[in-house]
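Numbering (my numbering), first residue to last: 835 to 901.
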């Protein structure tokens, strides 16, 4: 279980910056504040995967900024 600090994140409980760590334990992502012991969890399920959308080159068109 490797804990990683979340750079620039502000704790929703105490308002301290750069005090949140994130780690995974048995498929559950945990976020914890080292300053005030705030904890939050987010269950990681296979249904939560983001589906990638196929993008065709025809959908992209360049824009002209300067004339």
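The C-beta atom is built at its ideal place from N, Cα and C for all residues, glycine as well.
If distances are taken between C-alpha atoms only, which option among 869, 859 and 900 comes closest to residue 849?
In the chain shown, counting from the first residue as 1, residue 849 sits at position 15. Of 869, 859 and 900, the residue nearest in Cα terms is 869.
Output needed for residue 876: all residues of its chain with C-beta closer than 7 Å, excluding positions within five of it in sequence on either side, in chain order.
The residue you call residue 876 lines up with position 42 of the chain shown. So the qualifying residues of the chain are 863.
Classify residue 900 as helix, strand or coil using the three-state DSSP reduction.
If you number the chain shown from 1, residue 900 lands on position 66. Coil, per DSSP.
First and last residue of the uninterrupted beta strand (DSSP E) at residue 855:
Your numbering for residue 855 matches position 21 in the chain shown. In the DSSP assignment, residue 855 falls within the unbroken beta strand (DSSP E) covering 854-859.
Does DSSP put residue 845 in a helix, a strand or coil?
Position 11 of the chain shown, counted from the first residue, corresponds to residue 845. DSSP places residue 845 in coil when its eight states are reduced to three.
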